[in-house]
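Peer 1:
There are 2 protein chains.
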Amino acid sequence: MTDPIASPTNPRIKAVVRLRDRTERDATGRFVVEGYRELTRASDAGIRIETLLVCPDLYLGENEPALADRIRATGTEVLEVSAAAFRKASYRDRPEGLLAVAERFATGLDRIPLTGIPLLLVAEGIEKPGNLGTMLRTADAAGATGVIVADPTTDPFNPNVVRASLGTLFTVPLAIASSAVVITHLRASGVRLLAATPAGPVAHFAADMTGPVALVIGSEQYGLTAVWLEAADQAVVIPMPGSVDSLNAAMAAGILLFEAVRQRAAAAHS
Amino acid sequence: MTDPIASPTNPRIKAVVRLRDRTERDATGRFVVEGYRELTRASDAGIRIETLLVCPDLYLGENEPALADRIRATGTEVLEVSAAAFRKASYRDRPEGLLAVAERFATGLDRIPLTGIPLLLVAEGIEKPGNLGTMLRTADAAGATGVIVADPTTDPFNPNVVRASLGTLFTVPLAIASSAVVITHLRASGVRLLAATPAGPVAHFAADMTGPVALVIGSEQYGLTAVWLEAADQAVVIPMPGSVDSLNAAMAAGILLFEAVRQRAAAAHS
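In order, the protein sequences belong to chains E and S. Counting with the working numbering, you get residues -11 to 258 for the letters of the first sequence. Counting with the working numbering, you get residues -11 to 258 for the letters of the second sequence.
1. Examine chain E for any beta-carbon lying closer than 8 Å to the beta-carbon of S/Met197, and answer yes or no.
2. Going by the CB atoms, is the gap between E/Glu50 and E/Asn119 shorter than 8 Å?
3. DSSP has S/Ile226 in a bridge; who is on the other side?
4. If you measure between the beta carbons of E/Arg92 and E/Phe158, is that distance less than 8 Å?
5. For the segment 152 to 168 of chain S, list every residue whose C-beta sits within 8 Å of some C-beta in chain E, in sequence order.
6. Among residues of its own chain, excluding the 5 on either side of S/Ala223, which ones have a beta-carbon nearer than 6 Å to its beta-carbon?
7. One question on the structure: do S/Gly134 and S/Leu154 come within less than 8 Å of each other, judged by their Cβ atoms?
8. From the DSSP output, which residues share a beta bridge with E/Ile(-7)?
9. Answer with buried or exposed for S/Leu48, where buried requires no fewer than 16 other C-beta atoms within 10 angstroms of its C-beta.
10. For E/Asp143 and E/Asp14, what's the separation of their Cα atoms in angstroms?
11. Would you say S/Thr39 reaches chain E, if we count a Cβ-Cβ gap shorter than 8 Å as a contact?
12. Would you verify that the beta carbon of E/Arg8 is, or is not, closer than 8 Å to some beta carbon of chain S?
13. What distance in whole Å lies between the Cβ atoms of S/Thr39 and S/Val89, which are believed to be in contact at a cut-off of 8 Å?
14. Within a Cβ cutoff of 6 Å, which residues of the same chain sit near E/Pro(-4), ignoring the five residues on either side of it in sequence?
15. If you measure from the beta carbon of E/Pro227 to each beta carbon in chain S, is any gap under 8 Å?
16. Within the continuous alpha helix (DSSP H) that includes S/Glu247, where are the two ends?
17. Buried or exposed: where does S/Asp139 fall if 16 or more other Cβ atoms within 10 Å of its Cβ makes it buried?
18. Quick one: what's got a C-beta closer than 6 Å to S/Ile100's C-beta in the same chain, skipping five residues either side?
19. Taking the alpha-carbon positions, what's the S/Ile243 to S/Ser258 distance?
20. Please compile the residues from chain E whose C-beta is within a distance smaller than 7 Å of the C-beta of S/Asp128.
21. So S/Ala191 packs on E/Ala248, CB below 8 Å; how close in whole Å?
22. Kindly say whether S/Thr95, judged by its beta-carbon, lies nearer than 8 Å to any beta-carbon of chain E.
23. Please classify E/Arg250 as buried or exposed, where buried requires at least 16 other C-beta atoms within 10 Å of its C-beta.
24. Quick check: what's the CA-CA separation for S/Ile35 versus E/Ala111?
25. Within a Cβ cutoff of 6 Å, which residues of the same chain sit near S/Met123, ignoring the five residues on either side of it in sequence?
26. Between E/Arg92 and the ligand ADP, is there a pair consisting of the residue's CB and a ligand heavy atom that are separated by less than 7 Å?
27. Please confirm whether S/Ala191 has its beta-carbon closer than 8 Å to some beta-carbon of chain E.
28. Give a yes or no on whether the minimum CB-CB distance between S/Ile243 and chain E is below 8 Å.
29. Count the other C-beta atoms from every protein chain shown that fall within 10 angstroms of the C-beta of S/Pro229, then say buried if there are 16 or more, exposed otherwise.
30. For S/Leu204, I'd like the list of residues in its chain whose CB is within less than 7 Å of its CB, leaving aside the five on either flank, ordered along the chain.
31. Whole beta strand (DSSP E) runs in the segment -9 to 62 of chain S with 3 or more residues, listed along the chain?
32. Cα separation between E/Arg80 and S/Val169?
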């Protein structure tokens, strides 16, 4: 290994920092994956990692060198950097000494397998990276077949999505497309569209989720657009007996997803 | 009204900034409530507001002056401040021109009404203000009887709790106590304790939540302590058919709370 990169103003460090900007990610087809857990999931999923920055002084555990070796063995360039340079490249308060530049992977609708009895989450126009990341993590936990990001406002390759997802961006099948294309695709595949909206005439738990189904959630500020409300097979509301009349968008997604888990478990046992 | 406070280094502004520190909140018995929605809920709930800082240049809507007048009418000191001074006092990226110093309210266990069929959320050792705030918001939406914060790590009067709760810190009854005291109190009141833990032998949806029940959630990092696992009437797991084996703590709370909403609606209709 060559000498560590010492300077926070090294061009390689600056190139990583630039990937915080979506325009740079779009122009280069690259994005940043930081952290042991996230990189483990990326590596397991076969994500192509171009460059790995390592800073052994910042390692929290004992497994980091083995992960770095595993990634190096796939032909990835590994650069050792100083703590000062690593902190500059990192977008975390407490960096863990592992940060990679990875190639953006394909996100076509064909990434989502529609065999069996699909359980999909469709998120329209989500604005906050933290919410999209939490949706991915929760969809993975629920065993969802995939997550479809329709008309995204936030970029799924935003570093805060990777982070909030805990790396499930790499484990749960992900597709990105316009709402019109998603609707046509799911209809042609026989997937029922359940749209979550405060105006839904039926409680979410009264809707059947045991067949092929897509749970559709709208943006934080505006909810679902008319396109989805018109396309939906059924509009459902999460009943809120309390004083507030809204939930965080990721929370709403989680409540719907785990209602599907419940219904499917009940159906399997009956 | 006297001349506006122009300088960000004015002692009154500095006193507000100091309330970001828990030690200052504990010493003064004061905390900060910022934002139109949050202050509306605080005012509706009868929270004693000592000082209101207003900056009309930053108002986003048209209702702010009426709210300021309503708060002034209760005897609150209202100070007009410059945008520069307001931005210094604010902990938000986009301040809305309304920020108050309020008196901490009582948070004894007697604040939680245990009549009827209580549905309680107990959160043990929660570390992140955003999670505690989201739990409050979600508990309110679910119509929970109250939220009990056991052995808090994060201070419920942290400004980020107020913010993430959207002001439901003032609408849902809140109590703070040690785990031992909470357990004794709830047992004496005939409330069943359902502890959420990955080791739970029963799925959460297989546990009865239609009677008086407390849903108990542990900290983000460590889950529930042995004290709660031993005291619980039933340990339940949220089944996760996917690849990750954990949910965000607030998400887990929301999934349990809305399962209780579902069961209670079903019981009411049967």
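Ideal Cβ placement from N, Cα and C applies to all residues, glycine included.
Peer 2: If we stick to the structure as given:
1. no
2. no
3. S/Ile226 is not bridged to any residue.
4. no
5. Leu154, Thr156, Thr159, Val160
6. Ala183, Thr185, Gly188
7. no
8. E/Val69
9. When all chains shown are included, S/Leu48 counts as exposed.
10. 10 Å
11. no
12. no
13. 5 Å
14. Here the set comprises Ala72, Ala73, Lys76.
15. yes
16. 237 to 257
17. When all chains shown are included, S/Asp139 counts as buried.
18. Gly134, Pro161, Ala163
19. Rounded to the nearest angstrom, the two C-alpha atoms are 23 Å apart.
20. Correct list: Gly230, Ser231, Val232.
21. In this structure, S/Ala191 and E/Ala248 do not form a Cβ contact; the two beta carbons are roughly 14 Å apart against a cut-off of 8 Å.
22. no
23. buried
24. In a straight line, the C-alpha of S/Ile35 is about 37 Å away from that of E/Ala111.
25. Ala111, Ala238, Ala241
26. Summarising the ligand content, the structure contains no ligands, and the ligand ADP is consequently not present.
27. yes
28. yes
29. exposed
30. A small correction: the amino acid at residue 204 of chain S is Val; Leu does not occupy that position in the sequence shown. Answer for S/Val204: Val110, Glu112, Leu181, Leu182, Ala183, Ala184, Leu212, Trp216, Ala220, listed in chain order.
31. 18 to 22, 37 to 42
32. 38 Å
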